[in-house]
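Some notes on the structure that comes next.
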Amino acid sequence: MCCVVSVQSIFAEIGNTLMQTGELSGSAGLLVAILLLTGGIVSIATCNGSKVGDVVLSILFFLGALIGFFFAGSYTDLIIWALWCLVCMFASLFSVAFGQDGRPNDEPEVRSQETPTTMTEPLKQAIFEPNPYRRNAMVDDMTEEDAKTSLKYILGIFARKRQE
Numbered sequence: 000m001c002c003v004v005s006v007q008s009i010f011a012e013i014g015n016t017l018m019q020t021g022e023l024s025g026s027a028g029l030l031v032a033i034l035l036l037t038g039g040i041v042s043i044a045t046c047n048g049s050k051v052g053d054v055v056l057s058i059l060f061f062l063g064a065l066i067g068f069f070f071a072g073s074y075t076d077l078i079i080w081a082l083w084c085l086v087c088m089f090a091s092l093f094s095v096a097f098g099q100d101g102r103p104n105d106e107p108e109v110r111s112q113e114t115p116t117t118m119t120e121p122l123k124q125a126i127f128e129p130n131p132y133r134r135n136a137m138v139d140d141m142t143e144e145d146a147k148t149s150l151k152y153i154l155g156i157f158a159r160k161r162q163e
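Take the sequence shown: its position 60, counted from the start at 1, is 59 in numbering that gives the first Met the number 0, and no numbers get skipped.
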């Protein structure tokens, strides 16, 4: 997008110079393009969810919108790019307000280490189904929790057999 805004701005500046309008819309467009490029770089550099990065993005895009709206002049496409800067600004503000911090929690996720001692009902039905197509369909229809519990049960059987 930065390239499109830059090319349009260069042509707008050439037009402003040739027609001697005295407008700064072409130069302002180049500045908006630079702010969009800088915002993209900051966004990539802080993609871990840093709130500071989102605040910097909000400021960059706000400046791009401000410059675009005030210096658009006869270069009306600059208003579109200023609106895009506003959309990006609100997206980054939304991320600041409602996003999660990118830093991992100090407490690791606690997972159950117990091996299930009984088969789940969907596993029982699938095991005793003679038709292989229906059996596969039954396995496909299992909830994720049932499938995980069934796999833990089966792995527990193999682990006990290996220990014997």
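From the three backbone atoms N, C-alpha and C, an ideal C-beta is built for every residue, glycine too.
In three-state terms, what does DSSP make of residue i?
i	result
F157	helix
E144	helix
N47	coil
N121	First, the residue type needs correcting, since residue 121 is Pro and not Asn in the sequence shown. P121 falls in the helix class under three-state DSSP.
N15	helix
N130	coil
M0	coil
Any heavy atom of the ligand NAP inside 7 Å of the beta-carbon of residue i?
i	result
K151	As far as ligands go, the structure on display features none, and thus does not contain the ligand NAP.
Could you give the distance in angstroms between the alpha-carbon of residue i and the alpha-carbon of residue j?
i	j	result
P131	E143	21 Å
F69	T16	19 Å
A32	L85	14 Å
F127	R134	8 Å
C1	M18	25 Å
A158	C46	42 Å
V41	K147	40 Å
G39	T20	32 Å
L62	W80	12 Å
A71	S24	5 Å
D140	E120	13 Å
S49	Q124	48 Å
Y152	P129	21 Å
T116	S149	10 Å
Q162	A136	33 Å
Point to revise | the region 79-98 touching the region 42-58, judged by at least three CB pairs closer than 8 Å | key: yes
Task: Whole runs of the alpha helix (DSSP H) within the region 18-87, excluding any shorter than 4 residues - done: 24-44 and 50-69
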